[in-house]
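Let me begin by presenting the structure, written as structure tokens, before commenting on it.
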Amino acid sequence: MADHYETLGVSREASAEEIKKAYRKLARQLHPDVNPSEEAAEKFKSVTHAYDVLSDPEQRQRYDMGGDGAGGMGGFGDIFETFFGGGFGGGQRGPRSRSQRGEDAMIRLDVSLEDVIFGAQREVTINTAVLCETCQGSCCQPGTHPVTCDVCGGQGQVQRQVRSLFGNVVTMHPCGSCQGFGTVIESPCISCAGKGRVRERRTIPIDIPSGIDTGTRLQMRGGGEVGPGGGPNGDLFIEFRVTHHDIFSRDGNDLLCTMQLSMTDAILGAESTLEGLDGEVTVTIEPGTQSGDLINIRGRGIQALRTNVRGDLKIAVQVATPTKLSKREQDLVRQFAALRKDEAPHLGEFQQSFFGKIRDRFFRQG
Numbered sequence: 006m007a008d009h010y011e012t013l014g015v016s017r018e019a020s021a022e023e024i025k026k027a028y029r030k031l032a033r034q035l036h037p038d039v040n041p042s043e044e045a046a047e048k049f050k051s052v053t054h055a056y057d058v059l060s061d062p063e064q065r066q067r068y069d070m071g072g073d074g075a076g077g078m079g080g081f082g083d084i085f086e087t088f089f090g091g092g093f094g095g096g097q098r099g100p101r102s103r104s105q106r107g108e109d110a111m112i113r114l115d116v117s118l119e120d121v122i123f124g125a126q127r128e129v130t131i132n133t134a135v136l137c138e139t140c141q142g143s144c145c146q147p148g149t150h151p152v153t154c155d156v157c158g159g160q161g162q163v164q165r166q167v168r169s170l171f172g173n174v175v176t177m178h179p180c181g182s183c184q185g186f187g188t189v190i191e192s193p194c195i196s197c198a199g200k201g202r203v204r205e206r207r208t209i210p211i212d213i214p215s216g217i218d219t220g221t222r223l224q225m226r227g228g229g230e231v232g233p234g235g236g237p238n239g240d241l242f243i244e245f246r247v248t249h250h251d252i253f254s255r256d257g258n259d260l261l262c263t264m265q266l267s268m269t270d271a272i273l274g275a276e277s278t279l280e281g282l283d284g285e286v287t288v289t290i291e292p293g294t295q296s297g298d299l300i301n302i303r304g305r306g307i308q309a310l311r312t313n314v315r316g317d318l319k320i321a322v323q324v325a326t327p328t329k330l331s332k333r334e335q336d337l338v339r340q341f342a343a344l345r346k347d348e349a350p351h352l353g354e355f356q357q358s359f360f361g362k363i364r365d366r367f368f369r370q371g
């Protein structure tokens with residue numbers, strides 16, 4: 006068996022680039038379209054096989070260690086490729102495109118509870134792959150174009166004839182000279198190194214839908230990275246996280262909060278204007294309001310996702326007992342207590358269930 010290094014005319018210490026240059030030089034001389042002789046055809050097969058082995062780091066390592074460079078399969082590997090999709094009659098036909106779809110991207114975005122009520126628009130800056138402005142995705146220096154590969158004639162594939170138990174089998178393999186593209190870029194774009202895209206920070210507007218919650222994902226088609234060779238963009242996925250609010254929380258599309266109420270307002274009733282997340286809210290406090298009572302303001306909650314329906318604002322009342330009274334105030338309270346003649350403090354069913362009352366009214370009443 007001929008030595009692959011001798012076949013290509015390179016030393017055993019040759020770099021991958023030196024091996025590729027040697028192969029391309031010989032392939033131009035021996036290709037059947039250039040030299041139709043049988044001797045040239047046989048040499049072309051040997052040169053191509055040598056390049057297939059030495060251009061693959063794993064195969065080259067096995068070959069240098071005394072193997073055949075084909076993973077121990079030898080001709081059987083080509084036979085399996087032939088009958089199971091890798092050779093004649095199977096796999097990709099013709100050259101492959103340099104233009105490929107870009108990768109999807111995902112970012113995580115913190116949004117406030119105010120943004121969630123009606124939705125909002127934000128601008129975010131991301132580091133992503135964008136179309137190269139110099140070559141506009143062609144991968145070539147301006148004024149130049151890819152040239153047809155002189156090894157495969159633009160087919161992107163080369164034939165290899167293998168002797169096997171079944172006779173001579175012809176298989177198709179990606180051209181090692183053009184990497185299966187059918188063309189060679191002799192003057193790659195300097196700006197993108199022949200990739201057709203560059204990395205850049207860009208700012209994009211994002212529409213935040215109303216009603217989203219932590220973990221909600223939004224898909225922006227075409228918002229991801231531009232593909233190699235100026236290929237179509239992938240998609241951008243935005244995962245939202247609703248940040249904590251000191252006053253308001255949410256239950257589905259309802260907003261929840263508590264209101265501190267003076268003892269006198271709880272007894273006599275009152276009307277108060279509070280500052281909600283979306284403007285002022287007028288609250289009517291009925292006489293005799295108790296701690297744990299729930300005041301429900303319809304339609305002042307969060308606008309549901311993809312609808313115009315809003316939840317409610319639920320306000321739990323907490324009656325504040327004064328801790329510091331003047332002598333005059335203490336006398337008045339004593340007079341009030343004497344007039345009321347209330348029962349002495351005692352344990353009972355109401356007291357035992359009191360702490361669950363707020364929770365039950367928050368989550369079970371509408």
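First residue of the sequence shown: 6, per this note's numbering; consecutive thereafter.
All C-beta atoms in this analysis are idealised placements derived from N, C-alpha and C, irrespective of residue type, glycine included.
CB contact flag (residue i, residue j, <8 Å)
| i | j | result |
| --- | --- | --- |
| Ala309 | Gly216 | yes |
| Cys140 | Cys183 | no |
| Cys144 | Gly107 | no |
| Val156 | Val163 | yes |
| Val129 | Ile209 | yes |
| Val52 | Leu31 | yes |
| Pro100 | Gly236 | no |
| Gly181 | Tyr10 | no |
| Glu244 | Gly220 | yes |
| Val58 | Thr248 | no |
| Leu260 | Ile213 | no |
| Arg222 | Phe242 | yes |
| Thr133 | Arg226 | no |
| Gly239 | Asp109 | yes |
Residue closest to residue i, alpha-carbon to alpha-carbon, out of the options
| i | options | result |
| --- | --- | --- |
| Cys137 | Thr130, Ile131, Pro147 and Gly297 | Pro147 |
| Glu285 | Leu266, Arg305, Glu47 and Ala46 | Arg305 |
| Arg246 | Ala55, Val189 and Asp120 | Asp120 |
| Leu118 | Met225, Val322 and Gly257 | Gly257 |
| Thr176 | Val15, Arg165 and Asp109 | Arg165 |
| His150 | Glu348, Gly201, Ile112 and Leu35 | Gly201 |
| Glu230 | Ser102, Ile131, Cys180 and Leu279 | Ile131 |
| Thr312 | Phe123, Gln105, Leu279 and Met225 | Phe123 |
| Lys50 | Asp298, Thr12, Asn301 and Leu282 | Thr12 |
| Ala271 | Ser296, Ile252, Leu282 and Arg255 | Ser296 |
| Leu273 | Glu291, Leu282 and Met264 | Glu291 |
| Arg315 | Ile302, Gly239 and Pro327 | Ile302 |
Residue i in three-state terms, based on DSSP
| i | result |
| --- | --- |
| Glu128 | strand |
| Gly95 | Residue confidence for Gly95 is low, a pLDDT of 42 falling below 50, so the modelled location carries little weight; the figure read from the coordinates is stated next. If DSSP states are grouped into helix, strand and coil, Gly95 belongs with coil. |
| Leu352 | coil |
| Ala27 | helix |
| Phe359 | Summary for Phe359: the model assigns pLDDT 43, below 50, so the residue's position carries little reliability; its value from the coordinates is reported in the next sentence. The answer is helix: DSSP assigns Phe359 an H, G or I state. |
| Lys109 | Checking the displayed sequence, the identity of residue 109 turns out to be Asp instead of Lys. Looking at Asp109 - three-state DSSP - the assignment turns out to be coil, as it is neither helix nor strand. |
| Pro41 | coil |
| Thr188 | strand |
| His150 | coil |
| Val175 | strand |
| Ala32 | helix |
| Ala19 | coil |
| Val163 | strand |
| Asp8 | coil |
| Val156 | coil |
| Glu86 | Caution applies to Glu86, whose pLDDT of 42 falls short of 50 and renders its modelled position unreliable; the model cannot decide the point. |
| Thr53 | helix |
| Asp115 | strand |
| Gly77 | At Gly77 the pLDDT is 43, less than 50, meaning the model places this residue with poor confidence; the figure from the coordinates comes in the next sentence. Note: Gly77 maps to coil in three-state DSSP. |
Cβ of residue i within 8 Å of any chain C Cβ
| i | result |
| --- | --- |
| Gly257 | Protein chains in the displayed structure number just one, and chain C is not present. |
query = For the stretch 191-255, which segments carrying the alpha helix (DSSP H) assignment without a break, of at least 4 residues, lie completely within its bounds, in sequence order?
reply = Runs of alpha helix (DSSP H) with 4 or more residues, each lying fully within the stretch 191-255, are absent.
ask   = What are the start and end residues of each continuous beta strand (DSSP E) run of 3 or more residues lying completely inside the stretch 258-330, in chain order?
value = 259-267, 275-281, 284-290, 299-302 and 318-325
task = Decide if the stretch 311-323 is in contact with the stretch 279-299; the criterion is three or more beta carbon pairs, one per stretch, under 8 Å apart.
result = yes
task = Determine, using beta-carbon pairs with one atom in the stretch 7-27 and one in the stretch 60-68, whether at least three such pairs fall under 8 Å.
result = yes
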